[in-house]
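Under full-length UniProt numbering, the first residue of the sequence shown carries the number 5, and numbering increases by one thereafter. From the three backbone atoms N, C-alpha and C, an ideal C-beta is built for every residue, glycine too. Comments concern the structure below.
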Amino acid sequence: TVDSGIQDTLKALQIKEVNEGTSTGSKFFSSGEIIDSYSPADGTLIARVKSTTREDYEEVMAKASEAFKTWRLKPAPQRGEIVRQFGQRLRELKEPLGKLVSYEMGKSYQEGLGEVQEMIDICDFAVGLSRQLHGLTMHSERPGHRMYEQYHPLGVVGIISAFNFPVAVWAWNTALAWVCGDVCVWKPSEKTPLCGIACQHIIADVLEENGLPEGISCLINGDYRVGEFMTQDKRIPLVSATGSIRMGKIVAQAVASRLGKSLLELGGNNAIIVTPNADIKMTVIGAVFGAVGTAGQRCTSTRRLIVHESVYEKVKEALIAAYGQLKIGNPLDESNHVGPLIDKDAVKMYESALEQVVAQGGKILVEGGVLKGEGYESGCYVKPAIAEAKNTFEIVQHETFAPILYLIPYSGEVENAIALQNGVVQGLSSAIMTRDLREAEKFLSAAGSDCGIANVNIGTSGAEIGGAFGGEKETGGGRESGSDAWKIYMRRQTNTINYTTELPLAQGIKFDL
Ligand code: NAD
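What follows is the structure in structure tokens.
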């Protein structure tokens, strides 16, 4: 057994056994029902968190709206300085926070640390950005006029996040939103509430040390009902929501019905195309990590492997051999490759998907199954499975958040593989393994992958914070993180200034009095 040392971790992160669940800065309070947080690693009840009531929420919104009045007037580079300090604190707390992520969510400790590293990276990015919130200047058609555009803060940004990236997704949003002059209200997943509490403690300390108002970073807790407080709230101009397509469709409609903006980061159904020109060794490493890393619970996890018939047998054999080497067990034990699923509901969905693929005509190549016995007491550990399938199977069209990989053969040219890859409703991440320049460029062309992310000789899983992250079609169309993703957190204003004594109209229109 692994000594999780979790009590020390909770202490380092200021988490108490029964914590309050709502916070407007450093003040924690709440009167709502209790959410129990169990570790999928060993089934332990880690702590209990109180959910946010309507009254609590009103207090949060009052504090956030008040804080915005101060925060929006602070020069952006000074806001960046606060984010720099937050990033520094994350560096100091990387190990305990990474461990909590691993223990509460179930991903490996290395991946937990990686998630905190992403938070640090986005803070660095945001600090630089705080001096680069550039608008354009344009030439006016009227003499003695100047025209330019500027970006202003939006207001209170609502963040709803999924369980599988319990801390990084918040940081991607909030670090950018803060330098843009917004204040944030965050509802983490009800499956990982402690990660939310830990992050709130970290930022609350930084805000307090800098004498900044309560409300720049707020935390609310609970399930979809608490999320709905924000989606229906006209005081929140932007809701950034990460999670399932089902959730995204509901959130999009609620926010659109009040003409708010939503940034949606929803499910994927990611494929790697393996052409006859692929490096098979690289392909196998990329595919196995993509399919079984985080126990298949990444939005960018590899779900489908579309393999040319000429290399199909070779790839299949190499994968089966690699799956035979996988060690499944406690994610805090660094010798394990695969940890647990988030909960028993996820296990049921995994089992059901395996039954469905067989019922729909698929063939199991690597058997799945739920693990029992010592070390697997939580009931959340499953065996990564591989099935031979057709792209048109209903179950293949659907994102199952578990380590199931579908092998799909193709014949002929790369265009046929691209058609299969694009032949799903989701459009998040995609990849091609090839040493052929023409194949790679076709895949990246306008007639190529229809996803928000398209990689060459890299798997589908994982991304760097420097690029804009997100996907097309039912993945929701939102972009977070790098590039110019910051623009959604601001409102754009076009300004025209007349420094003459005349009042010429645009388009030369005459209006003489
Ligand atoms: P989920 O949709 O069950 O929940 C996500 C969040 O939405 C939770 O905080 C939940 O409480 C909230 N929510 C649910 N219904 C809501 C409603 N009607 N109104 C307001 N809030 C609501 O998703 P999950 O199981 O936590 O996460 C897994 C899913 O997230 C997968 O589909 C995965 O692909 C997706 N995901 C996408 C990205 C991305 O960047 N594209 C990143 C991570 C996860």
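Can we count residue i as close to the ligand NAD, meaning its CB is less than 8 angstroms from some heavy atom?
i           : result
residue 110 : no
residue 245 : yes
residue 344 : no
residue 204 : no
residue 519 : The structure shown has nothing for residue 519, since the chain only spans 5 to 517.
residue 215 : no
residue 191 : yes
residue 249 : yes
residue 368 : no
residue 90  : no
residue 52  : no
residue 493 : no
residue 384 : no
residue 329 : no
residue 222 : no
residue 255 : yes
residue 188 : no
residue 302 : yes
residue 55  : no
residue 195 : yes
residue 473 : yes
residue 340 : no
residue 165 : yes
residue 515 : no
residue 484 : yes
With a CB to CB cut of under 6 angstroms and the five nearest residues on each side skipped, what residues in its chain are close to residue i?
i           : result
residue 88  : 131
residue 39  : 53, 55, 194, 197
residue 37  : 55
residue 360 : 399
residue 326 : 288, 292
residue 307 : 273, 274
residue 443 : 279, 418
residue 403 : 271, 273
residue 30  : 208, 212
residue 259 : 235, 243, 266
Quick check: residue i and residue j, are their CB atoms within less than 9 angstroms of each other?
i           : j           : result
residue 300 : residue 463 : no
residue 277 : residue 410 : no
residue 153 : residue 141 : yes
residue 434 : residue 458 : yes
residue 166 : residue 384 : no
residue 275 : residue 399 : no
residue 101 : residue 17  : yes
residue 244 : residue 484 : yes
residue 474 : residue 432 : yes
residue 405 : residue 467 : no
residue 162 : residue 75  : no
residue 246 : residue 270 : yes
residue 330 : residue 311 : no
residue 220 : residue 182 : yes
residue 206 : residue 90  : yes
residue 298 : residue 20  : no
According to DSSP, which residues form a beta bridge with residue i?
i           : result
residue 453 : None; residue 453 has no bridge partner.
residue 190 : 163, 223
residue 291 : Looking at the DSSP assignment, residue 291 forms no beta bridge with any residue, so it has no partner.
residue 437 : 278
residue 318 : The partner list for residue 318 (beta bridge, DSSP) is empty, contrary to what the question assumes.
residue 312 : 414
residue 431 : 476
residue 157 : 494
residue 389 : 408
residue 54  : 38
residue 458 : 434
Under 7 angstroms Cβ to Cβ from residue i, same chain only, skipping five residues before and after it: list those, please.
i           : result
residue 256 : 266, 268
residue 81  : 134, 135
residue 364 : 397, 398, 399
Apart from the five residues just before and just after residue i, which ones in its own chain have a Cβ nearer than 8 angstroms to its Cβ?
i           : result
residue 504 : 147, 148, 149
residue 15  : none
residue 318 : 284
residue 353 : 404, 405, 406
residue 13  : 100, 103, 104, 107
residue 512 : none
Checking contacts by CB at 9 angstroms: is residue i closer than that to chain B?
i           : result
residue 395 : Checking the listed chains, one finds no chain B in this structure; it contains a single protein chain.
Pop quiz: residue i and residue j are said to be a contact at Cβ under 8 angstroms. What is the actual Cβ separation, rounded to whole angstroms?
i           : j           : result
residue 127 : residue 179 : 5 angstroms
residue 169 : residue 119 : 6 angstroms
residue 61  : residue 233 : 5 angstroms
residue 344 : residue 45  : 6 angstroms
residue 217 : residue 423 : About 54 angstroms; that fails the 8 angstroms criterion.
residue 68  : residue 173 : Contact flag wrong, Cβ pair sits at about 19 angstroms.
residue 138 : residue 497 : Actually they do not touch by this definition, with Cβ atoms about 14 angstroms apart.
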